Structure formats: structure tokens, C-alpha cells
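As they're listed, the protein sequences go chains U and X.
Residue numbers for the first sequence follow our numbering, beginning at 524 and rising by one.
Residue numbers for the second sequence follow our numbering, beginning at 10 and rising by one.
Reading through the C-alpha cells given below for one structure.
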Amino acid sequence: MTGELGQLALCFALALSLVMAVSGLMGTRPQDTTARKIASGAAMGLFVFVALAFGTLTYAFVTSDFSIIDVANNSHTLKPLIYKISGVWANHEGSMLLWVLVLSIYAALVAGLQRGGERLTSGALGVQGLLAAAFILFIIFTSNPFLRLDPAPFEGAGLNPLLQDPGLAMHPPMLYAGYVGLSASFSYAAAALLVGEAGWTRAARPFMLIAWIALTCGIALGSWWAYYELGWGGFWFWDPVENASLMPWLIATALLHSALATEKSGAFRTWTLLLAIAGFSMSLIGTFLVRSGVLSSVHAFASDPTRGFFIMVLIALAIGGALALFAWRAPTLQGGAAFDVQSRETMLLLNNVFLLAACACVFVGTLYPLVLDAINGTKISVGPPYFALTFAPIFFALLLLVPLGPQLNWKRGDLKAAWRTLYPALGLAGIAALTVLALVSPRSVAATGAFAVAGWLIGASILDIRKRKGARASAFAAALAHAGLGVSLMGVAGTTLWRSEALTVLAPGQTMTVGPYTLRFDGVTRERGPNYIADRGHIAVMNGDRVSTNMLPEHRFYPAEGADMNDTAIHTTGLRDLYLALGDNRGGGRFALRAYVSPLAPLIWLGGLVMALGGFLSLWGRLRVKDTEPATPAPAAALAAE
Amino acid sequence: MNAKKKRRLAFAAALLAAGGVLAGVIVYGLGQNTMYFRSPTDIADKQVSEGVAFRLGGLVEKGSVQHGMGADVHFRVTDGKSTVAADYNGVLPALFREGQGVVATGAMDSSGTFVASEVLAKHDEKYMPPEVVAALKKSGHWQEGGVQ
């Protein structure tokens, strides 16, 4: 029964999304109050029915209902409950349903909060309705999670053990909250173009912030997972899947800054609209690069031509439609307000230029192999050195400029005065650079530069916080987010530049050294987990003759899935990670052991957390102050008032 | 020309210049850092220069894996038609097995052995790297649903 119930709920959701699209768009006409009410109601109904469909699928996973193909292919009775639940979105069909669920949550929030004018909200709901309808159609016709299997198998095929991990259980919902969150800004931007209302950035601000926070946390979680799960000791691999989440983040960051300028001083009006469209376009491209299988294999894409074709049409319609609307309506909007060269607007403009340039580098590096393969079948890959050469310097230049922005006034600022204010931050940068030069050998330009910039960022943030002492919490948002960049930068620099690694085959009783640590291998025991069998290595971290800690890296075998994986052991002091991965069995009790010492590694994710916290403060401030715009301002009057 | 127009023009010129530099850096970066994918047959057919990094893909030949005293491993990669000897000093990914697909990054040395700097981890035994599938199809040794 459950499968049919879910199917039915999805069909109701489709009908409601169509109602929402039509009535929402009709509601952009000044007099159509009824249509606006219907659109809001439909948004709530959409959420209820999509949640019902999603709940049904979750129920099928939890009860291991293998008569549903999706469950049979991706679950197993022996799996712990949390991974039965996370299994819902650890596959193509279920993850698309999660996508639509998140979209419907945002639609319900847009309808419930009613930020901005009634007509603007209605238009935004209309666009969200169109998106929801398109994606529900996509699910029903190409990726239906409720298809039945007859006869039902006794046991499911299981879930890739790499995905059976708490970090990764949370990672997709978090990323989707970010990806799809950008759909709200997109819908508001499209509605603003339709209605001709200039105040949309204010209405959409909380959604931009939620999306940005979620993306920041999602990327940090993903990178943390890759660090402890893959056993390679790295935190970022420039893997196309990672890049697909980085690109929307870069655009979302640019959007947050540009929208702020639009809201506070009226600058970059059209540019901000374009960024909102670009941000969601990146989300769409990112989601489907990852989910359609086009990245891991161009052939997988071709093997399901309907799915691939549907995706391409969807992306083309969404992006093309939005851009056409932009080309048609943007000229009728008022241009951006003027500003001085020495002003905060200029700094935000530079912020946008650098972020977009960085995004362009990632975009080309990610898509070039796909394009080349599509054109003439040449198979190439673009390695991390490309990104180190292009992305890194651009982002580094951006970081240099970050502290200046908050010190300059809107419209007309004083660069010299800003410099003077920042002298203490320069001092901190100098101290950081000298400390690195004095303490660490061999000396490296990269490390010195990175720590100087980190000091510069954090110093400037401290100055900013001191200046605003006593203000509302949200006033510290930018300072925290910028400080987070500095913290992450130290982690990234420490880990990439000062990491030591050792790789040895050890017999029980033998020792190895890595960095400042001496490790003694005490042999391997066979352990039994809920759905795996493990070789557990016993490694003693020595302090002279005394054992200071025991570490237990495992090599696990999952019989249901027929897969092996490493479970790394990490001992952290907060400033330094000792990281162990148990390698292959070389016979006679001998095992390969890989060990890394990663200085400052935890700072990478701590910085991400600080950045997200900055976002939260800003969001908190936004939601506490009730934005009540005039109900339905006539467009001409609204524009004239700006 | 008034001041506003002049400023706009200067801004456009600066943006254009920055775009040009960006495009240059990207093209240069791609030129320096793309790695080709090669199958053992590609290596046998074409001259592959020593020391130029590329990605090698195929199947680990059955019975070819030999462990040295340390962490060094020797194995052969085959696509059914041609075979290449490979050396690797490191921990093999969990799913490195004889008869299974493998993708490794590295370069040829003077003796015609592939020296791998990285052997890529594949996460489940059903998974076959798409490049390897393509290479096997090309050499005529691909069977749907598995390998001979």
C-alpha cells in the first residue's frame, strides 16, 4: 500500500504545484487578491503532500519493504536504523524527492513569511510552483522512487558502506538546503522582474542567508567526511563532485555581498538580479552533474537518455527562461545608484569580480573534460595543480581585500582613513609572518604569506568587533564570517604545507615514526560490527617507553554490499591531527600502515563553522526585525521613491 | 565625453583586461595540467614519452600482483589485448584486486614500466571505471555485466 500512497501524494503535489504556478503568476496583477490567496494555500498544500510522499518512502526504507525497487536496490535489513533513513536520499530517485521536499519547504516559507509586497510574494510563489511542477514531472516520469518489484526479493542490495557514516547522512540534506535555497532568491528575482519591484533583495535576504549557511556547512561536512573516511588524509580533492558544490557557494557569496549593496545604497540593481539567476543556475548544473552520473561517466548519462534529456531541457528552460525575462524586463528597471571610487560599493564590486573569476576557473576545470569527451571522445582529467594555479591566486587576492570593505562607508569612503584604522591588523599580519619564519623550517613563502593574510583577516575582524561593541548581534556577522576565512586559511596552509606522512609495512611489535610521534604496531584483531567484519589494528602512540594513547584504525568488509573500506583513526590535540589508516594485509601478521601528521587540520572546519555562525547572526537579526513593506506599492511610485 | 562616461569606459576596459588575463591563465593552466587517459593498447601502439604523467586504466592481470618487502607492489595492467607492468610504492585501495578494474596516475620510466604515484580507490566491487569500460570495449574484451 505504501508505494501507492506515495505515488498518489506525488500526483496531488503535482496538481497543487501547477495551481500554485498559475495562481501565483496571476497574483502579480494588482487586483487579483483571490489568486494570491490560492497561491499561498497551494504552497502549504504542496508541502504537505510532498512531505507525505517523502514520509512514505522513508517508511518503506525503515520497514525494509523490498517490493519497492528503490528500497531493494539501496537498503538491507541488517543496516542500522540511521542508515536505513539516510538511505532514502543516498540514491538518485530518493535524493530527487528530497530535492522537491526542500523546494516545497522553501515555498511554504515564502508563503508563510509573506516578506516583501503581496505581488512580489505571489510572483515568487508562481516561479517556485513552476520549478516544483517541472521537478515532480521529472521524478514521476524518469526517476520514480515508488516503482514496484515483483516478486519482491528477500534481501536488499545494501548501501555503499562509504555512505554509511553519520557525517554523510547529514551532508546531502544540508547541501540541498543550500542548493534549493538559492531557488528562493531566483524566484524572488524573477518576480521582481515581473512586478518591477526594486525592494526584492530585502525580502529575499533571509533565504539567501539560509542557502549560504547551508552550503557552507554542507561543504564543510563533505570535506570533513572525505578527510576521515577516504583514508588519504586530504580534505579537498578538486573532485568534480566537490566543485559542483563549490561553484554555487562562490556565486551565493557574491550574491550576498552584491544584494547588500543593492539594499543599502541602491547600487548594482540589475547585476544582483543576474547573480540570483546565476546562483540557482549553478545549483541546477551542480545537482545534475552529480546526480545524473554525467560526471563519473559520460556513458552512464547516455545509458539513460530520457533522464539526461529531461535534465538538459529542464536546465535550459529554467536558465533560458530567466535570462529571457531578464533581457525583456531589466531595461525597464531603474539603473543602479552611482558611487565614488573610494567606497564600500567599489570593494563589493571587486569582491564580485574576484569571486566570479574564481568560479569561472572552477567551472572550466570541471566541465572541460566533459566537453572534450563529448566532442571527440578524448579522455582527460584536470588535476589539482590546475586549480592551485588558477583558483588559489585569485582567491588569495580576494582575501587581501576583504578587510578593507567594512572600513569604507557607502557611496563615499576614505581609503586612507580605512588604512589607518587597519594598522593594528597589519601589525598582527606581520607578527604572524615573523612567527612562522622564526619557528618553522624550512622557510616557505607560501606558508609565510598564508599566515600573514590570516593575521590580516582576523586582526581586521577583531578591530571591526571592537568598533561595534554594544551593537546588536547581527552587526558582528560580517566580522565573524571574515574571521572564519582566516581561521580556515591557517588550517588549509598548515595541512597542505606542513603535513608529514609515513608509510610502512609493520609486523607486530615493530615501530615507526611520523613527525614527532613514535608508533608501535600491536597486531590486528578480528571484530564484528552490525553489518561488517573488521580487521582492527592496535597501534600504541609512544611517549618514551610509556604508551600515551591507543589508536584503532580498521579495515572493514561489508558482506551485503561486497565492499571494503577503511575506518581511519584520528587523534587530535585540537591543533594537530595524528591520522592512521590500516592498509592491506601482507601476510604473516604484517600490515601496511599509513600515518599522517596534519598540523592545524581542525582549523579548516572550525573556520567553516565560524563563517556559518556569522551567517546565523545576520539571519537572526533579519528575522527579529519584522520587515513590513507597503502592501502593494505601484511600481512607478516604488521606483521613484528609491 | 563627460566624467561619468569616461569612468564607465575605464571600468569596461579594466574588466576586459582582467577577463583577458583570466582567460590566459585558464588556458595556460589547462595546457599544463591535463592528463590523458591511456589504455595498455594505447601505450603499445603509440610512443608514450618517459616522465609525462597520464592516467592508466585497465584490469589488474590475474596472478600478477607481487608485494615487495616494504610497501612496494608490482602488478600488470591489461585490457585483454596488451599488458603494461606497473610499480607502486604505497597503500593500495581497499578494492584493489586481481581481475578488477583499476585506474592509476603516473608515468612511464626508461624500462617501459609504469610508475604509479597514485592508485585510485574504487568504492564498490560492482563499480567499473568508465574509462576502463571504454578501453575494454575498444579492445573487444568487454562483456555486459562483467569481464571474462
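Note that beta-carbon positions come from the ideal geometry of N, C-alpha and C, so glycine has one too.
Please read these numbers as outputs of a predicted model, since none were measured by experiment.
**Prompt:** Quick one: is residue 25/X near chain U, going by C-beta distance under 8 angstroms?
**Reply:** The count along the second sequence starts at 1 and reaches residue 25/X at position 16. For residue 25/X, the answer is no, since every Cβ of chain U falls outside 8 angstroms of its Cβ.
**Request:** For residue 630/U, count neighbouring Cβ atoms within 10 angstroms of its own Cβ and tell me buried if that reaches 16, exposed if not.
**Result:** Numbered from 1 along the first sequence, position 107 holds the residue referred to as residue 630/U. The residue is buried, with at least 16 neighbouring Cβ atoms inside 10 Å.
**Asked** Looking at the C-beta of residue 45/X, does it have a partner C-beta in chain U at a distance below 8 angstroms?
**Response** Stepping through the second sequence from its first residue, residue 45/X is reached at position 36. Closer than 8 angstroms to some Cβ of chain U, the Cβ of residue 45/X qualifies, so yes.
**Message:** In this structure, how does DSSP classify residue 1122/U when only helix, strand and coil are distinguished?
**Reply:** Locating residue 1122/U in the first sequence gives position 599, where the first residue counts as 1. The DSSP-derived three-state label of residue 1122/U is strand.
**Identity of the residue in 1047/U, 528/U, 1140/U and 569/U nearest residue 544/U by Cα** = By one-based count along the first sequence, residue 544/U stands at place 21. Comparing Cα positions, the closest option is 569/U.
**Item:** Three-state class that DSSP yields for residue 600/U in the structure shown
**Value:** Here residue 600/U is taken as the residue at index 77 of the first sequence, counted from 1. It is coil, neither helix nor strand.
**Item:** CB contact below 8 angstroms: residue 100/X versus chain U
**Value:** Numbered from its first residue, the second sequence carries residue 100/X at position 91. Residue contact with chain U for residue 100/X: present (Cβ-Cβ distance below 8 angstroms to some residue of chain U).
**Prompt:** Does the Cβ of residue 1142/U have 16 or more other Cβ atoms within 10 Å, making it buried, or fewer, making it exposed?
**Reply:** For the purposes of this step, residue 1142/U is identified with residue 619 of the first sequence, where counting begins at 1. When all chains shown are included, residue 1142/U counts as buried.
**Asked** Quick one, which of 1069/U, 1044/U and 1126/U has its alpha-carbon nearest residue 481/U's?
**Response** Chain U is shown from 524 up to 1165; residue 481/U falls before or after that span and cannot be answered.
**Request:** Consult DSSP for residue 104/X and reduce its assignment to one of helix, strand or coil.
**Result:** The residue you call residue 104/X lines up with position 95 of the second sequence. If DSSP states are grouped into helix, strand and coil, residue 104/X belongs with coil.
**Positions along the region 1108-1120 of chain U whose CB lies within less than 7 angstroms of some CB in chain X** = 1109, 1115 and 1117
**Asked** What's the gap between the Cα of residue 800/U and the Cα of residue 571/U?
**Response** The residue you call residue 800/U lines up with position 277 of the first sequence. The residue you call residue 571/U lines up with position 48 of the first sequence. Residue 800/U and residue 571/U: Cα-Cα distance of roughly 27 angstroms.
**Request:** Using a Cβ-Cβ cut-off of 8 angstroms, state whether residue 1037/U counts as contacting chain X.
**Result:** The residue you call residue 1037/U lines up with position 514 of the first sequence. False, the Cβ-Cβ gap to chain X never drops below 8 angstroms.
**chain U within 8 angstroms of residue 42/X, Cβ atoms only** = Residue mapping note: residue 42/X aligns to position 33 of the second sequence, counting from 1. Interface residue, yes.
**Asked** Does the beta carbon of residue 822/U sit closer than 8 angstroms to a beta carbon anywhere in chain X?
**Response** The residue given as residue 822/U occupies position 299 in the first sequence. Low local confidence applies: a pLDDT of 32 at residue 822/U is under 50, so the model's placement there is unreliable, and no value is given.
**Item:** residue 891/U at chain X interface by Cβ criterion, 8 angstroms
**Value:** Numbered from its first residue, the first sequence carries residue 891/U at position 368. Interface residue, yes.
**Item:** Beta carbon proximity, residue 79/X to chain U, threshold 8 angstroms
**Value:** To locate residue 79/X, count along the second sequence from 1; it is residue 70. At least one chain U Cβ lies under 8 angstroms of residue 79/X.
**Message:** I need the DSSP call for residue 80/X, collapsed to helix, strand or coil.
**Reply:** Numbered from 1 along the second sequence, position 71 holds the residue referred to as residue 80/X. It is coil, neither helix nor strand.
**Message:** Any heavy atom of the ligand COA closer than 7 angstroms to the beta-carbon of residue 838/U?
**Reply:** By its list of ligands, the structure shown contains no ligand whatsoever, and the ligand COA lies outside what it can speak to.
**Helix, strand or coil at residue 1043/U [DSSP, three-state]** = As a first step, residue 1043/U must be located in the first sequence, where it is residue number 520. Looking at residue 1043/U - three-state DSSP - the assignment turns out to be strand.
**Segment contact flag, the region 699-712 of chain U with the region 609-629 of chain U, C-beta cutoff 8 angstroms, min 3 pairs** = yes
**Message:** Please classify residue 1018/U as buried or exposed, where buried requires at least 16 other C-beta atoms within 10 Å of its C-beta.
**Reply:** Within the first sequence, the letter at position 495 stands for residue 1018/U. Buried is the call here.
**Prompt:** Comparing the C-beta of residue 1087/U with each C-beta of chain X, is any distance below 8 angstroms?
**Reply:** Position 564 of the first sequence, counted from the start, is the residue given in the question as residue 1087/U. Taking Cβ atoms only, chain X reaches closer than 8 angstroms to residue 1087/U, which makes this a yes.
**Asked** Counting contacts by CB-CB distance shorter than 8 angstroms, is residue 132/X in contact with chain U?
**Response** Start at 1 with the first residue of the second sequence, and residue 132/X comes out as number 123. Note that residue 132/X scores 47 on pLDDT, short of 50, meaning its location in the model is unreliable; the coordinates nonetheless yield the value given after this. Yes, residue 132/X lies at the interface with chain U (some Cβ there is under 8 angstroms from its Cβ).
**Asked** Skipping 5 residues on each side, what residues in its chain have a beta carbon closer than 6 angstroms to that of residue 921/U?
**Response** Looking up residue 921/U in the first sequence gives position 398. Cβ within range, chain order: 877.
**Prompt:** Does the beta-carbon of residue 821/U have 16 or more other beta-carbons within 10 angstroms, so that it is buried, or is it exposed?
**Reply:** Translated into the one-based positions of the first sequence, residue 821/U becomes position 298. Because the pLDDT at residue 821/U is just 33, under 50, the model does not fix this residue reliably, and the value given afterwards should be weighed accordingly. Burial of residue 821/U is indicated by the presence of at least 16 other C-beta atoms within 10 angstroms of its C-beta.
**Request:** Measure the C-alpha to C-alpha separation of residue 743/U and residue 831/U and round it to an integer number of angstroms.
**Result:** The sequence position of residue 743/U within the first sequence is 220, counting from 1. The sequence position of residue 831/U within the first sequence is 308, counting from 1. Taking the straight line from one Cα to the other gives about 29 angstroms.
**Asked** With distances taken between CB atoms, is the gap from residue 909/U to residue 38/X smaller than 8 angstroms?
**Response** For the purposes of this step, residue 909/U is taken as residue 386 along the first sequence, with counting starting at 1. For the purposes of this step, residue 38/X is taken as residue 29 along the second sequence, with counting starting at 1. Yes, these two residues count as a Cβ contact at 8 angstroms.
**Item:** For residue 1056/U: DSSP bridge partner residues
**Value:** If you number the first sequence from 1, residue 1056/U lands on position 533. Per DSSP, 1051/U and 1080/U.
**Prompt:** Who are residue 904/U's beta bridge partners in DSSP?
**Reply:** Walking along the first sequence from the start, residue 904/U turns up at place 381. Under DSSP, residue 904/U forms a beta bridge with 44/X.
**Asked** Taking DSSP as the reference, what is the three-state secondary structure of residue 822/U?
**Response** The sequence position of residue 822/U within the first sequence is 299, counting from 1. With a pLDDT of only 32 at residue 822/U, under the threshold of 50, the placement of this residue in the model should not be trusted, and no figure is reported.
**Asked** Should residue 52/X be flagged as near chain U, meaning a C-beta pair shorter than 8 angstroms?
**Response** What you label residue 52/X is simply residue 43 of the second sequence in a count that begins at 1. The Cβ of residue 52/X sits no closer than 8 angstroms to any Cβ of chain U.
**Asked** Would you call residue 715/U buried or exposed, if buried means 16 or more other Cβ atoms sit within 10 Å of its Cβ?
**Response** Taking the first sequence and counting its residues from 1, the one referred to as residue 715/U is at position 192. Buried, by the Cβ-count rule.
**Request:** Enumerate, from N- to C-terminal direction, the unbroken beta strand (DSSP E) stretches of 3 or more residues contained entirely within the region 13-70 of chain X.
**Result:** 43-47 and 63-69
**Item:** N- and C-terminal bounds of the beta strand (DSSP E) containing residue 1166/U
**Value:** Residue 1166/U is absent from the model: chain U starts at 524 and stops at 1165.
**Item:** Endpoints, the alpha helix (DSSP H) within which residue 624/U is located
**Value:** Here residue 624/U refers to the residue found at position 101 of the first sequence. Bounds of the alpha helix (DSSP H) holding residue 624/U are 615-636.
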